[in-house]
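Asks: Residue numbering for the sequence shown follows full-length UniProt numbering, starting at 15 and increasing by one per position.
Ideal Cβ positions, reconstructed from N, Cα and C, are used throughout, including at glycine.
The structure displayed is predicted, hence computed values, not measured ones.
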Amino acid sequence: NLSLSVRELEYSTPQSCKELKQTYKITQDGLYYLSTPSGVVYQTYCDMTTAGGGWTLVASVHENNLYGKCTTGDRWSSQQGGSPNVPEGDGSWSNTVTFGTAEAATSDDFKNPGYYGIRAEDVAVWHVPNNELVGRWKLTSFLRYHTETKFLNNYGGNLYNLFKQFPVKYNVGSCPANHGPSVPVVYDVGSATSNHNLYGPNIRANSVPGFITFRAINAERAAMAICSGVKPTGCNNEHCCIGGGGHFPEQSPRQCGDFTSFDWNGYGANTEWSASKQITEAAVLIFYR
Ligand code: G3P
Ligand code: CA
Ligand code: CA
Ligand code: CA
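#1: Got a sec: does ligand 3 put a non-hydrogen atom nearer than 7 Å to the Cβ of His141?
#2: If I measure Cβ to Cβ from Glu24 and keep anything under 7 Å in the same chain, skipping five residues before and after, which residues do I get?
#3: In angstroms with no decimal places, state the Cα-to-Cα distance between Asp104 and Gln36.
#4: With hydrogens ignored, establish whether the beta-carbon of Ala297 is closer than 7 Å to any heavy atom of ligand 4.
#5: Tell me the rounded alpha-carbon separation between Gln179 and Phe156.
#6: I want to check one thing, is the minimum distance from the CB of Tyr85 to the heavy atoms of ligand 2 below 7 Å?
#7: Between the C-alpha atoms of residue 314 and Ala283, what's the straight-line distance to the nearest angstrom?
#8: With burial defined as no fewer than 16 other Cβ atoms inside 10 Å of the residue's Cβ, what is the status of Asn251: buried or exposed?
#9: Closer than 7 Å: is that where the CB of Asn78 sits relative to any heavy atom of ligand 3?
#10: Helix, strand or coil: how does DSSP classify Thr227 here?
#11: To the nearest angstrom, how far is the alpha carbon of Gln42 from that of Pro190?
#12: For the alpha helix (DSSP H) that contains Pro28, what are its first and last residues?
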């Protein structure tokens, strides 16, 4: 119908991959256009096959320089240095700033309007090696898991609202009393054990595998956004949790950045507190359904 106005076209665009699957019967993984409720159209990746499909990519956390401590590219922590004067850092976990593109989600940070606009129930997380092309994400990912508890119903339907309740901000609480939720996960690629082994042995001794944890806090009251694959049982979570506020007091700014202190005992060393090279050099893709 050539008389469709641009506005009508926008309003006929689905608002999530779940809607694209359910209403439009799309079953192929790949890049699609979605719309916000107010009609802003954006492109993102839909996983239409895992565990029933309908998963919308809403964000990726990418560490462009682990030696850069809260420097350029640390959008999920602070690009403004590490300082108690910027306790929330860039504030990306609970604001409506968007950045990046779906196609570059393994090469740079990505955040689209779905992150704060979609109402979802569960999350999925993929760890995909940096700089992989979209068509190879599924093949090259070494960890993929999802929640099944519909936990987001209890936290406002997305991570934007969850992190409003649990601010990713220095000095808002103490460890372990004030951690946010830990949610059990089901693995689609890899396992709870293989995920655990990608962190340093000291972290393995101070965490339980098989969970995703939101807004962990460490001994020095630094806040982190996501502990992928673990529930912390100690307070040195800066070696297994990603994203954060703008201040990490221990040897500041050594722990400040999107991948926090994965390199504490050497880059990619996978000894003591250090994470493996594999997880250090992979983007963390976050999906909603
Ligand atoms: O986060 C690790 C740090 O707090 C303790 O390091 O070297 O005393 O084991 P270390
Ligand atoms: Ca960095
Ligand atoms: Ca980054
Ligand atoms: Ca520590």
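Replies: Inspection of the coordinates gives the following:
#1: Checking every heavy atom of ligand 3 against the Cβ of His141, none is found closer than 7 Å.
#2: For Glu24, the pLDDT reaches just 49, beneath the cut-off of 50, and the residue's location in the model is therefore unreliable, although a value from the coordinates is still provided. Non-local beta-carbon contacts of Glu24 in its own chain, meaning distances under 7 Å to residues more than five positions away in sequence, involve Ser49, Gly53, Val55 in chain order.
#3: Rounded to whole angstroms, Asp104 and Gln36 show a C-alpha spacing of 36 Å.
#4: Because no heavy atom of ligand 4 lies under 7 Å away, the Cβ of Ala297 does not count as near it: no.
#5: It is roughly 31 Å from the alpha-carbon of Gln179 to the alpha-carbon of Phe156.
#6: The residue you asked about is not Tyr; residue 85 is Thr in the sequence shown. Within the cutoff, so yes.
#7: Because the chain spans 15 through 303 in this model, residue 314 falls outside it and cannot be assessed.
#8: Buried: at least 16 other Cβ atoms inside 10 Å.
#9: Yes - ligand 3 has a heavy atom lying nearer than 7 Å to the Cβ of Asn78.
#10: Residue state, collapsed to three classes: strand.
#11: Their Cα atoms are separated by approximately 42 Å.
#12: From DSSP, Pro28 is part of no alpha helix (DSSP H); its letter is neither H nor E.
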